[in-house]
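**Q**
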Amino acid sequence: MLHEAPQVLIALEQSGLAAAIRQSVWAYPAANVGHIVALTLFAGSVAIMDARLLGAFAAAPPADVVRPARRAAMLGLLLMAVTGSVLFTAEASHVAMNPVFQIKAALIALGLLNALFAGRALDAVLADTPARVPLPTRVRLSALLSLMIWISVAACGRLIAYF
Ligand code: HEM
Numbered sequence: 167m168l169h170e171a172p173q174v175l176i177a178l179e180q181s182g183l184a185a186a187i188r189q190s191v192w193a194y195p196a197a198n199v200g201h202i203v204a205l206t207l208f209a210g211s212v213a214i215m216d217a218r219l220l221g222a223f224a225a226a227p228p229a230d231v232v233r234p235a236r237r238a239a240m241l242g243l244l245l246m247a248v249t250g251s252v253l254f255t256a257e258a259s260h261v262a263m264n265p266v267f268q269i270k271a272a273l274i275a276l277g278l279l280n281a282l283f284a285g286r287a288l289d290a291v292l293a294d295t296p297a298r299v300p301l302p303t304r305v306r307l308s309a310l311l312s313l314m315i316w317i318s319v320a321a322c323g324r325l326i327a328y329f
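Numbering (this note's numbering), first residue to last: 167 to 329.
What follows is the structure, given as structure tokens:
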């Protein structure tokens with residue numbers, strides 16, 4: 167327990183749920199494996215979606231690639247949030263005070279904001295853009311930003327253990 171952590175996180179770490187996660191032989195490892203399996207779904211679908219927005223697979227209409235990939239990415243992120251919350255709960259005060267976790271959390275917020283702002287206009291653009299026609303520059307810039315943010319989030323996730 168880190169005493170300088172906010173009281174609510176110390177309380178979370180000392181809760182029965184957190185103790186059960188720490189004492190269980192399988193709960194933490196299962197959440198950890200689940201986090202990585204969800205990451206493969208999330209990272210794969212984000213990569214396909216952003217690659218199409220940037221101009222890859224140009225023979226396919228962008229809507230046919232981006233819409234299913236976006237649904238898969240949302241499912242992957244939901245699973246990451248659920249499994250990540252289990253990992254967080256077990257050691258809430260340590261993890262929350264870890265500078266790399268704080269950067270990761272800020273980057274997740276930035277990635278979500280970028281997806282929200284881009285997503286608003288994206289549906290109309292997708293409906294109007296046939297195969298082989300480049301998407302508008304602002305859409306491509308947002309896709310590039312998305313790739314950079316989510317790769318950085320994954321790197322931060324792995325680096326938490328070293329700081
Ligand atoms: C959405 C909410 C998320 C929460 C609450 C969360 C939380 C966590 C926590 C607490 C850990 C364990 C850190 C440790 O003690 O070593 C972790 C590990 C990790 N996270 Fe997340 N995470 C989230 C989303 C993501 C996303 C979106 C990505 C990737 C794009 C990601 C990638 C990783 C990676 C690669 C690890 C290291 C796993 C390992 O080394 O076994 N996380 N996460």
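Beta carbons are placed, not taken as given, at the ideal position from N, Cα and C, and that holds for glycine.
If you drop the 5 nearest sequence neighbours on each side, which residues of the same chain put their C-beta closer than 7 Å to that of E257?
**A** Numbered from its first residue, the sequence shown carries residue 257 at position 91. Result list for E257: E179, in chain order.
**Q** Near R188, what residues of its chain come up, given a Cβ to Cβ distance below 6 Å and the 5 sequence neighbours on each side ignored?
**A** The residue you call residue 188 lines up with position 22 of the sequence shown. A256, listed in sequence order.
**Q** Given 8 Å as the limit, tell me if I274 has its C-beta closer than that to any heavy atom belonging to the ligand HEM.
**A** Here the question's residue 274 lines up with position 108 in the sequence shown. Correct: I274 has its Cβ closer than 8 Å to the ligand HEM.
**Q** Taking 7 Å as the limit, name every residue whose beta carbon sits nearer than that to some heavy atom of the ligand HEM, in sequence order.
**A** Every residue passing the under-7 Å Cβ criterion appears here: N198, H201, I202, L205, F208, A209, L243, M246, A247, G250, S251, L253, F254, E257, V261, F267, K270, I274, W316, V319, A320, G323, R324, I326 and A327.
**Q** How many Å lie between V252 and R237 at the Cα?
**A** Here residue 252 is taken as the residue at index 86 of the sequence shown, counted from 1. Here residue 237 is taken as the residue at index 71 of the sequence shown, counted from 1. About 23 Å.
**Q** Please return the same chain residues whose Cβ sits closer than 6 Å to the Cβ of L302, not counting the five positions on each side in sequence.
**A** The residue you call residue 302 lines up with position 136 of the sequence shown. In the sequence as presented, Leu is not what sits at residue 302; that position holds Pro. Here the set comprises nothing.
**Q** In angstroms, rounded to a whole number, what distance separates the CA positions of R306 and A297?
**A** Taking the sequence shown and counting its residues from 1, the one referred to as residue 306 is at position 140. Taking the sequence shown and counting its residues from 1, the one referred to as residue 297 is at position 131. Approximately 15 Å, taken between the alpha carbons.
**Q** State yes or no: is the C-beta of M246 within less than 9 Å of the C-beta of H201?
**A** Reading the sequence shown from its first residue, position 80 is the one you call residue 246. Reading the sequence shown from its first residue, position 35 is the one you call residue 201. Yes, these two residues count as a Cβ contact at 9 Å.
**Q** How many whole angstroms separate the CB atoms of I346 and V231, which I take to be in contact at a CB cut-off of 8 Å?
**A** A question about residue 346 goes unanswered here, because the residues of the chain that appear run from 167 up to 329.
**Q** Rounded to whole angstroms, what is the Cα-Cα separation between S211 and L205?
**A** The residue you call residue 211 lines up with position 45 of the sequence shown. The residue you call residue 205 lines up with position 39 of the sequence shown. Near 10 Å, if we compare the C-alpha coordinates of L205 and S211.
**Q** So, at 8 Å on beta carbons, what are the nonlocal neighbours of S308 in its own chain, with the 5 sequence-adjacent residues on each side left out?
**A** Counted from its first residue, the sequence shown places residue 308 at position 142. Within the same chain, S308 has close Cβ partners L219, N280, F283 and A284.
**Q** Just tell me which of A217, V319 and F254 has its CA closest to the CA of I176.
**A** Taking the sequence shown and counting its residues from 1, one reaches residue 176 at position 10. When each option's Cα is compared against that of I176, the closest is F254.
**Q** Which residues in the same chain as T295 place their Cβ atom closer than 8 Å to its Cβ, once the five residues preceding and following it in sequence are excluded?
**A** Translated into positions along the sequence shown, residue 295 becomes position 129. Within the same chain, T295 has close Cβ partners P227, P228, A229 and L301.
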